[in-house]
Amino acid sequence: MTEKLYTAQEVAEMFSVKRITVWDWIRKGKLRAHCVGGRLYRISESQLAKFKDSN
1 MTEKLYTAQE
11 VAEMFSVKRI
21 TVWDWIRKGK
31 LRAHCVGGRL
41 YRISESQLAK
51 FKDSN
């Protein structure tokens, strides 16, 4: 089964923060994202769950 992938915008809406905050979490290594081409990144459901548990 394929895992759901989220955009930075979708994650920002889930946490009620701005998209730039999500990019900051990714840049600082708090949240892992996968590059899906060029400058496109997606956050997997499992990585999002780990992030929720640790914060």
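Be aware that the sequence shown starts at 1, since it is given in this note's numbering, and climbs by one per residue.
Virtual Cβ for every residue (Gly too), placed ideally from N, Cα, C.
Just so it is clear, the structure is predicted and the values come from calculations on it, not from any experiment.
In this chain, Ser16 is not harboured by any beta strand (DSSP E), its DSSP state being neither H nor E.
Within the DSSP bridge table, the entry for Arg42 names His34 as partners. Restricting attention to Ile20, His34 and Ser54, the CA atom closest to the CA of Gln9 is found in Ile20. Annotated as distal: Leu40 and Tyr6, with beta-carbon spacing of 8 Å or more.
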